[in-house]
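Heads up, the thing below is written out as structure tokens.
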Amino acid sequence: MAEQKISTRYASSLLDSAVEKNLLDTISNDVEFVSLVLKQNPNLIRMLENPVVKSELKGSILTEIFKTRISQETLEFVLFVIKKNRENILNSILEKFKELRDLKLGYVNVNVMVASEFTSSQKEELKTKLQNELKKKVRMNFQVDEKLLGGFIIQAGDTVYNASIKHQLDLLRKHFNKESTLEIRN
0 MAEQKISTRY ASSLLDSAVE KNLLDTISND VEFVSLVLKQ NPNLIRMLEN PVVKSELKGS
60 ILTEIFKTRI SQETLEFVLF VIKKNRENIL NSILEKFKEL RDLKLGYVNV NVMVASEFTS
120 SQKEELKTKL QNELKKKVRM NFQVDEKLLG GFIIQAGDTV YNASIKHQLD LLRKHFNKES
180 TLEIRN
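Read left to right, the sequence shown gives residues 0 to 185 (the numbering used here).
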């Protein structure tokens, strides 16, 4: 819980600074890039989270990796996080930044789990309906899960829409189990 609060505070500070300096696009691209590098290099994350490795060394390693690839503002922010001994939550800060940025820009990230791959027109139709329903711009991430049997599950923030055949069958099964339990009692 404390990690979330701290991540939010740092991410919010970076977002405010990016907006104030009119660098939101640049810093957003940098954050996406740094996040990708961290995801693709688990050893780098382990090094950042290792308390034995000195902050100065962590800073110089990240400077060497990113100095020609991200803006000076973003690099200074990453080094500030390290200086404050918060490098163990750097990834969390970057993810929170993306979340806050999307909120500010009116986007909502939607995960869609489908039984089989949707066509482009189905994806567009669903996107349009979701944008109308949520009154926000939608970024969709599709995953195929054949266990659903048919239909789909949509997760938008804390809200889940379950229109899968598996879910309908589970509800039916529960209903019949409840009915049979009532008959036995009578």
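Just so it is clear, CB atoms sit at the ideal spot from N, CA and C, and this is done for glycine as well. Source: prediction; values computed, not measured.
Near Lys-82, what residues of its chain come up, given a Cβ to Cβ distance below 7 Å and the 5 sequence neighbours on each side ignored? Ser-54
Measuring alpha carbon to alpha carbon, tell me which residue in Thr-127, Asn-84, Ala-10, Ser-163 is nearest Val-51. Asn-84
So what does DSSP say about Ala-114, is it helix, strand or coil? coil
Alpha-carbon spacing of Phe-79 relative to Asp-157, whole angstroms: 32 Å
Mapping DSSP to helix, strand and coil, what is Arg-85? coil
Pair within 7 Å by beta-carbon distance, Leu-133 and Val-107: yes
Could you pull the DSSP bridge partners for Asn-190 from this structure? Not covered by the structure: residue 190. The range shown for the chain is 0 to 185.
Closer than 8 Å is the cut-off here; do at least three beta carbon pairs connect the stretch 39–46 with the stretch 121–141? no
Could you give the distance in angstroms between the alpha-carbon of Glu-94 and the alpha-carbon of Ser-34? 8 Å
Does the stretch 20–38 come within contact of the stretch 105–119, defined as at least 3 CB pairs closer than 8 Å? no
Going straight from the alpha carbon of Tyr-9 to that of Ala-162, what length do you get? 38 Å
For Ser-70, which of helix, strand or coil comes out of DSSP? coil
Measure the C-alpha to C-alpha separation of Glu-63 and Lys-97 and round it to an integer number of angstroms. 24 Å
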